[in-house]
Amino acid sequence: MSRAQVQFWDDALAKLVQTDEWKKELEKFDMANVYKASGDTARHWKAEYDEAKAVLTELGLAK
Numbered sequence: 902m903s904r905a906q907v908q909f910w911d912d913a914l915a916k917l918v919q920t921d922e923w924k925k926e927l928e929k930f931d932m933a934n935v936y937k938a939s940g941d942t943a944r945h946w947k948a949e950y951d952e953a954k955a956v957l958t959e960l961g962l963a964k
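First residue of the sequence shown: 902, per my numbering; consecutive thereafter.
In structure tokens form, the structure reads like this:
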């Protein structure tokens with residue numbers, strides 16, 4: 902996606918997760934609001950990848 906498209910969805914989803922309707926749905930299913938914008942999500946998955954790779958490398962299962 903282009904930067905403009907990513908920004909569009911970041912903005913739209915950030916607004917969505919603030920709505921009462923969204924909060925009611927979360928409560929209905931006993932869920933937490935853990936929305937992260939695209940940049941935060943990318944950093945999160947990079948950290949997860951780095952941690953998993955370090956463990957697998959230590960075990961000799963990855964280079």
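Even glycine gets a Cβ: it sits at the ideal position worked out from N, Cα and C.
Report the residue from the options whose alpha carbon sits nearest the alpha carbon of residue i.
i, options, result
"residue 936", "956, 902, 947, 923", "923"
"residue 941", "929, 932, 911", "911"
Just to confirm my understanding: we take residue i, look at its own chain, exclude 5 residues before and 5 after, and list those with CB closer than 8 Å. What are they?
i, result
"residue 914", "936, 938"
Short of 7 Å in beta carbon distance, which residues of its chain neighbour residue i, apart from the five on each side in sequence? Order them along the chain.
i, result
"residue 917", "923"
Less than 8 Å between the CB atoms is what I'm expecting for residue i and residue j, so what's the real figure, rounded?
i, j, result
"residue 943", "residue 954", "With a Cβ gap of about 16 Å, residue 943 and residue 954 do not count as contacting."
Could you pull out every residue in the same chain whose Cβ sits closer than 6 Å to the Cβ of residue i, ignoring the five residues on either side in sequence?
i, result
"residue 907", "939"
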